[in-house]
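Residue numbering for the sequence shown follows the numbering used here, starting at 141 and increasing by one per position. Ideal Cβ placement from N, Cα and C applies to all residues, glycine included. Here the structure is a predicted model, which means the values were calculated and not measured.
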Amino acid sequence: MDGRHRRRTGVERAAPLLDTDGSPQQQDSVAPVECAAIPIHAADSELDPLASTLARPRRGGWQGSLWGTAFNMCSAILGAGALSLPHAVGAMGLIPALVLLVLTAAATHYSVVLLVSVIVATGTRSFEELARQVFGRINGRLVELSIVVFQFGTLVAYTVAIGDILQPLVRMPAIQSRLPWLTRDVSILVFWGALMLPLSMVDRMSSLQGTSLFGVLALVYLVVAVAIHFAVDASLDPSSNYRTAKLFQATEDAVSATAILMFAFTCQVNVPSLYAELCDASPSRMAAVSRRAVGLALVCYLVVGVTGYLNFPLSAQGNLLNNYCLLYPERSSASPHPPRVMLVAFGAIATTILMAYPVNVYPIRYTLDEMLFPSWGLHHRRARHISITLGVASSTLLVALVVPNISVVFSLMGGTASAYVCYIIPAAAAWTMAGRSPGHPIGIAAAAGDAARVRRARAGCAALLLFGLVVGTLSTATTIAEWFQPKPPPRGACDGPGRFVSPPEAS
């Protein structure tokens, strides 16, 4: 193993897979080396942005720290997926939704632990390299294609969400009278060209850690605003809020809603690069990063999903923000003078999506460069970076303008590429490496005669794989079937006399 693949602890060993907290069962007595630069060839540093990140000395501080990496990971998790969580909760009822949210969070953390164990055992530094080394060149290409499809769908969903956020602002009479040409599509194009595209040109994920913190705080504000709006309405008219909510509910959207929950926690494709940028990287430190990021995301999702549903239990909107009327706030509230927190919340979620957008452009750009230019090296590196970024961002913009249904995008991506890449692949990779690498945690446990530990590890891999396979297959089939059963569009928050009206029945 050359210098590029050495970890900064200075210890060449694999970490145990069994414990979901990522801590090894037996600790080595070797003390960690102070976080510093790793010797990397200059050509490698220029070719690979991950390599240049590893080569940069760090001695503490925000970048590469536990919380810095956790907020970067949390920014990849939190985003537009939060907007469809109240719809998912309403589709299946409060109790099943809460159970599935916690289960999905646990599965996400465990998949990160499995991925890191495979990264350490193989010495790989990217999801694509890991797939090729573990599954072979052909299967590795399939994984790479799945990553491209998954990230593409994620970026489309983010762009659609921006359109939903900007639409109430565009419909304001003052803006319509002065800028009648400013439609929803035009506003998306302007926002994309002025902010989303320039941020997508960032070369290293570590450069986004400050913006990731800002994005996470912005989504936390959205969560607080949704909770405040619900508390005010529930205190004035509880019969139209939580008293009409369902603890258990079996609707035709319940199965596809599980894919929305799966999509909401997606971050696994970013794990190799995040691990490479973590100061004093080790499986236990990365597990600590995962616990922080996934735990914070779970708290936010629980609050926004539950309070967003309880505030509008009769709503058929797939996007939470469409339940709030910015033009006439009293139409979407039980109070004649509702709190003005949602106007700022619209800006907060736009900021969150803006911060998450470049984080999700990073892996698809890296994958496409590996697939299209595997032997180009430094040749036209800057031109490749710009052209791939521009091509990816432009194509997702065009698709978002044509297919503006955010809940369908979340369901389809969550049931297909998300289930395959984020849950099935980590489980299959850990299982495969167990029989191939004597340094893998399962192999270490087997050599030590710890049969119970081996069984637990195998059972964990099998459970994660089954979770991704069953949820992905059922939700995808349901989503596709729903395409052939068109429904009338749900009533908007500003349409009609008020929000306490049942949605129109499907014809």
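Asked: Per DSSP, what kind of secondary structure is E417 in: helix, strand or coil?; Found: helix
Asked: Is L270 near L282, with beta carbons less than 9 Å apart?; Found: no
Asked: Give the C-beta separation of I504 and Y298 to the nearest angstrom, bearing in mind that I take them to be a contact with Cβ-Cβ under 8 Å.; Found: The pair is not a contact, with the Cβ atoms about 12 Å apart (cut-off 8 Å).
Asked: At which residues does the alpha helix (DSSP H) containing E140 begin and terminate?; Found: Nothing can be reported for residue 140, as the shown portion of the chain is limited to 141 through 647.
Asked: For T536, collect the residues of the same chain with a Cβ closer than 7 Å to its Cβ; drop the 5 residues on either side in sequence, then sort them by chain order.; Found: F292, L295, V296, T299
Asked: Looking only at its chain, what residues have a beta carbon closer than 6 Å to the beta carbon of V289, apart from the 5 residues adjacent to it on each side?; Found: A557
Asked: Mind checking which residues open and close the alpha helix (DSSP H) that includes S422?; Found: Unbroken run through S422: none, as it is neither H nor E.
Asked: Buried or exposed, going by whether 16 or more other CB atoms sit within 10 Å of the CB of W321?; Found: exposed
Asked: Distance, Cα to Cα, E392 vs L609?; Found: 20 Å
Asked: Buried or exposed: which applies to I180, given that a residue is buried once 16 or more other Cβ atoms fall within 10 Å of its Cβ?; Found: Model confidence at I180 stands at a pLDDT of 32, short of 50, so the residue's coordinates are unreliable; what they give is reported in the following sentence. Buried: at least 16 other Cβ atoms inside 10 Å.
Asked: Express the C-alpha separation of L238 and V501 in angstroms, rounding to a whole number.; Found: 30 Å
Asked: Answer with buried or exposed for Q316, where buried requires no fewer than 16 other C-beta atoms within 10 angstroms of its C-beta.; Found: exposed
Asked: So, do the stretch 448-458 and the stretch 209-229 have three or more beta carbon pairs nearer to each other than 8 Å?; Found: yes
Asked: Could you tell me the alpha carbon to alpha carbon distance between A358 and V366, rounded to whole angstroms?; Found: 13 Å
Asked: Taking the C-alpha atoms as reference points, what is the distance between Y250 and A569?; Found: 13 Å
Asked: Please report the straight-line C-alpha distance between P478 and T616, rounded to a whole angstrom.; Found: 39 Å
Asked: Give a yes or no on whether the C-beta atoms belonging to G280 and E268 are separated by under 9 Å.; Found: yes
Asked: Which residues in the same chain as M312 place their Cβ atom closer than 7 Å to its Cβ, once the five residues preceding and following it in sequence are excluded?; Found: L467
Asked: Terminal residues of the continuous alpha helix (DSSP H) containing W135?; Found: A query on residue 135 cannot be resolved here, the shown segment of the chain reaching from 141 to 647 and no further.
Asked: Which residue wins for smallest C-alpha separation from I278, given the options L234, S551, M511?; Found: M511
Asked: Is the separation between the beta-carbon of V274 and that of T262 shorter than 9 Å?; Found: yes
Asked: Under 9 Å between the Cβ atoms of T619 and L552?; Found: yes
Asked: As a quick exercise: from A533, A216, R471, pick the residue whose alpha carbon is nearest that of Q408.; Found: A216
Asked: What first and last residue would you give for the alpha helix (DSSP H) that runs through H249?; Found: 234-262
Asked: Using only CA atoms, which one of I302, A334, L335 lies nearest to D325?; Found: I302
Asked: Between V429 and M213, how many whole angstroms is the CB-CB distance? I'm expecting something under 8 Å.; Found: 6 Å
Asked: Going straight from the alpha carbon of F354 to that of L339, what length do you get?; Found: 14 Å
Asked: What distance in whole Å lies between the Cβ atoms of A222 and V444, which are believed to be in contact at a cut-off of 8 Å?; Found: 5 Å
Asked: Thinking A399 and V611 are a contact (beta carbons under 8 Å), I'd like their distance in whole angstroms, please.; Found: 7 Å
Asked: Do you know how far the Cα of T613 is from the Cα of A621?; Found: 12 Å
Asked: Quick one: what does DSSP say G649 is sitting in, helix, strand or coil?; Found: With the chain covering 141 to 647 only, the question about residue 649 has no answer from this structure.
Asked: Over the uninterrupted alpha helix (DSSP H) stretch that includes P320, give me the two end residues.; Found: Unbroken run through P320: none, as it is neither H nor E.
Asked: Note the first and the last residue of the continuous alpha helix (DSSP H) segment covering T536.; Found: 521-542
Asked: Got a sec? Which residues, its chain only, sit under 6 Å from R272 by beta carbon, not counting five neighbours each side?; Found: G280
Asked: For P378, is the classification buried or exposed, using 16 other Cβ atoms within 10 angstroms of its Cβ as the cut-off for buried?; Found: exposed
Asked: Could you tell me the boundaries of the alpha helix (DSSP H) in which P338 lies?; Found: 337-340
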